[in-house]
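Asker: Okay, handing you the structure first.
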Amino acid sequence: MKIHNKLLILTFAVLVFSTFGFSNNFALATSSGPNAPGTVTTSNTSGGTFDWNANASNVNSIKIEDGTSVYAYVGLTFFGGDECLSWDTLILTDNGTKEISDINQGDLVYSYNITSQNIELKEVIGVFNRSISFYGNKYYHIYFEGGDIKATYNHLFYVGKDLKMARDLVVGDILFDINGKEKVISNIIIEENYTDNVWDITVENNHNFFANGVLVHNVGSAYDKYVKIIKSDGSLGLTDKADGTAWGSSLAYTPPSAGYYGGDSDLWGETWTASDINDSDFGIAIAVYGGGHPTDNYITYYIKAANFGFNIPTEATINGIKVEVKKKYLEACGSGLSCAGIDYISITVYYTEASNTAPTIGTGHSDGGSSTATPTTAGNNVSFTATATDGESDNYYLAICKTNAITANNNGVPTCTGGNWCISSSTASASQANCNYTTAGKDAGSKSWYAFVCDYNASSACSSMSQGSGNNGSPFVVRKPSVFKITGASLFKFIGGLLRLRIK
């Protein structure tokens, strides 16, 4: 058995974006291609299409591609200001502490890698500020062991492994410093009537930093809300492959641990047939949410990619499905917003092709008795018959070849290498196949024939049959036409309505 990997790549020359409070004008350019189009839709637009372009270097690879940058919006997060800290908050950097209002893009700040559980220096990729009036001119002033911090109501703090907004913190919640030491909240006071600006930063990859000594989340990261297979009926599968890692600031395959979702032996909790995969509705749905919003207050958008054009053999067994997504969190996408971008989606389906056996031939195959004893008169048919049974119940062809060589053609009529006397139509397994050859004068004499039966299958196979014996076996024989030789003078005369020939 052979394992075939079908890789169909849906490549967006656009970045597919998400925004909140932004007018979505979705458009996708269309490029010319020889095959059926792949389809992309989003939650709040009518979607669009790209045409398939075959990749000549790999016949198993087809991709959707277009050279024009066109934007579509899929999910959300505000670019700056959605969660902020007081202007004088001290940030722990590679050069000591700096007030957040003095931080610049490109500075290095200390950050915590949740996956590796290590403290790391990470680059600031965005600095934002806005008036505190956006938040009702008030701070949540949070006091903890050894310090305090002023934040807008929705700034996110790490409490254990969870994120909580400032407004949801309570006395007794535990914050953490750079050494992992617990900082217990002792008091929270809402302070009003402020008129200054508030600030926040975006930190690459880890999306957190240490502010006034405790670990807080940054603004504007994007996360998977869900990653689900679209089944052949258009519904979403139950298995969710969403990864909790924040999207990075550069295009990268995620989740970062593997670089893809699923795998060569992962069926996503579903049972699949080849027809399910080949269905135009089969695809992937990815939903995104902005990290600046708590789980009870985010708005989710999604992108669906389907109509990949798979053509897996019907009898194949599906072993696994791998999905690769190249995505990023962008610093800006206009109107003061940041976006979640997807630039590439591919689905690889791993399958085992079903083993195929050639049809077997029963007894009684015949050329109709054309033989030396009973030759066929030129101009008449030689009729060939045979009955074959296919183990996979495939239809089959009876091919009567002029030489002992044949080529099976997958899902097609076989080809006799040296030409054929005749080939039957497609015939049901266990039914008799027949074909006829109309003889001519040039066929006079003995003509060898070689019979084969070949199934109609994605991996078609042929078997030869005994060339028969006796009058029903090879060769068939064509009687030479009668030849009259007339010499001397001749006289033609009608006598009594009959043509008489008199030879002198």
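In case it helps, mature numbering (1 follows the signal peptide of the UniProt record, and there is no 0) puts the sequence shown at residues -29 to -1, 1 to 475. Think of the CB as a built atom: it goes at the ideal place given N, C-alpha and C, for glycine as much as any other residue. Remember, predicted model here, so these are calculated numbers, not experimental data.
Compute the distance between the beta-carbons of residue 427 and residue 366, then report whether it is under 8 Å.
Answerer: Contact flag set, yes.
Asker: Going by the beta-carbon positions, is the gap between residue 359 and residue 394 smaller than 8 Å?
Answerer: Not a contact, by the Cβ cut-off of 8 Å.
Asker: Based on the DSSP secondary-structure assignment, which residues constitute the bridge partners of residue 171?
Answerer: DSSP output for residue 171 lists 99 as bridge partner(s).
Asker: In chain order, what residues of the same chain lie with their CB nearer than 8 Å to the CB of residue 77, ignoring the 5 residues before and after it?
Answerer: Here the set comprises 94, 95.
Asker: For residue 174, which residues in the same chain have their Cβ closer than 8 Å to its Cβ, ignoring the five residues on either side in sequence?
Answerer: Counting only Cβ-Cβ distances below 8 Å, and skipping sequence neighbours, we find 80, 82, 93, 94, 95, 96, 180, 189.
Asker: By the DSSP assignment, the alpha helix (DSSP H) with residue 246 in it spans what residues?
Answerer: Counting along the chain, the alpha helix (DSSP H) containing residue 246 begins and ends at 245 to 249.
Asker: Suppose the cutoff is 8 Å on Cβ atoms and the five residues either side in sequence are ignored; what does the same chain contact list for residue 346 look like?
Answerer: Result list for residue 346: 448, 449, 450, in chain order.
Asker: One question on the structure: do residue 379 and residue 432 come within less than 8 Å of each other, judged by their Cβ atoms?
Answerer: Yes, the Cβ-Cβ distance between residue 379 and residue 432 is below 8 Å.
Asker: Take residue 242 and list the residues in its own chain whose beta-carbon comes closer than 7 Å to its own, dropping the five residues that flank it on each side.
Answerer: The answer is none, since no qualifying residue turns up.
Asker: Helix, strand or coil: which one does DSSP assign to residue 342?
Answerer: Coil at residue 342, not helix or strand.
Asker: Using CA atoms only, rank isn't needed, just tell me which of 368, 240, 369, 386 is closest to residue 376.
Answerer: Nearest of 368, 240, 369, 386 to residue 376, Cα basis: 386.
Asker: DSSP three-state label for residue 120, please.
Answerer: Reduced to three states, the DSSP call for residue 120 is strand.
Asker: Is any heavy atom in the ligand GDP found nearer than 7 Å to the beta carbon of residue 259?
Answerer: This structure lacks the ligand GDP, and indeed carries no ligand of any kind.
Asker: Please report the distance separating the alpha-carbon of residue 131 from that of residue 146.
Answerer: Those two C-alpha atoms are separated by around 7 Å.
Asker: Would the beta-carbon of residue 184 fall within 8 Å of that of residue 143?
Answerer: In this structure, residue 143 does not lie closer than 8 Å to residue 184 by Cβ.
Asker: Once the 5 residues before and after residue 154 are set aside, which same chain residues still bring their CB inside 8 Å of it?
Answerer: Only 115, 116, 117, 118, 145, 146, 147, 148, 184, 185 meet the Cβ criterion.
Asker: Do residue 334 and residue 403 have their C-beta atoms closer together than 8 Å?
Answerer: No, they are not a contact pair.
Asker: In this structure, how does DSSP classify residue 152 when only helix, strand and coil are distinguished?
Answerer: It is coil, neither helix nor strand.
Asker: Would residue 113 pass as a contact of residue 182 if the rule is Cβ separation under 8 Å?
Answerer: Contact flag unset, no.
Asker: Evaluate contact between the stretch 158 to 174 and the stretch 193 to 202, counting only Cβ atoms and requiring at least three cross-stretch pairs below 8 Å.
Answerer: Counting Cβ pairs under 8 Å, fewer than three are found: no touch.
Asker: If you measure between the beta carbons of residue 201 and residue 256, is that distance less than 8 Å?
Answerer: Cβ distance < 8 Å, so residue 201 and residue 256 count as in contact.
Asker: Report the rounded CA-to-CA distance for residue 280 versus residue 84, giving the unit in angstroms.
Answerer: The straight-line gap from Cα to Cα measures roughly 40 Å.
Asker: From 278, 320, 390, pick the residue whose C-alpha is nearest to that of residue 284; which is it?
Answerer: Here the closest residue by C-alpha is 320.
Asker: Drop a sphere of 10 angstroms on the beta-carbon of residue 329, count the other beta-carbons inside from all chains shown, and report buried for 16 or more, exposed for fewer.
Answerer: When all chains shown are included, residue 329 counts as buried.
Asker: Quick check: the Cα distance between residue 214 and residue 398, rounded to an integer number of angstroms?
Answerer: Looking at the two C-alpha atoms, the distance is approximately 52 Å.
Asker: Go ahead and label residue 177 buried or exposed: buried means 16 or more other beta carbons lie within 10 angstroms of its beta carbon, across all protein chains shown.
Answerer: Burial call: buried.
Asker: From which residue to which residue does the beta strand (DSSP E) around residue 371 run?
Answerer: Counting along the chain, the beta strand (DSSP E) containing residue 371 begins and ends at 367 to 372.
Asker: So, with DSSP's three-state summary, where would you put residue 49?
Answerer: Unreliable placement is indicated for residue 49, whose pLDDT of 38 sits below 50; no coordinate value is reported for it.
Asker: At which residues does the beta strand (DSSP E) containing residue 136 begin and terminate?
Answerer: Counting along the chain, the beta strand (DSSP E) containing residue 136 begins and ends at 133 to 136.
Asker: Label residue 419 either buried or exposed according to how many other C-beta atoms from any shown protein chain fall within 10 Å of its C-beta, with 16 as the threshold for buried.
Answerer: By the neighbour-count rule (16 or more Cβ atoms within 10 Å), residue 419 is not buried but exposed.
Asker: Going by DSSP in three states, residue 75 sits in which element: helix, strand or coil?
Answerer: Coil, per DSSP.
Asker: Relative to the C-alpha of residue 99, which residue among 69, 129, 171 is closest?
Answerer: The shortest Cα separation from residue 99 among 69, 129, 171 belongs to 171.
Asker: By the three-class DSSP mapping on this structure, what secondary structure does residue 209 have?
Answerer: Here residue 209 sits in coil by DSSP.
Asker: For residue 195, does the three-state DSSP call read helix, strand or coil?
Answerer: The answer is strand: DSSP assigns residue 195 an E or B state.
Asker: Buried or exposed: residue 275, going by 16 or more other Cβ atoms within 10 Å of its Cβ?
Answerer: Buried, by the Cβ-count rule.
Asker: State the Cα-Cα distance for the pair residue 370 and residue 408, rounded to the nearest angstrom.
Answerer: If you take the alpha carbons of residue 370 and residue 408, they lie about 11 Å apart.
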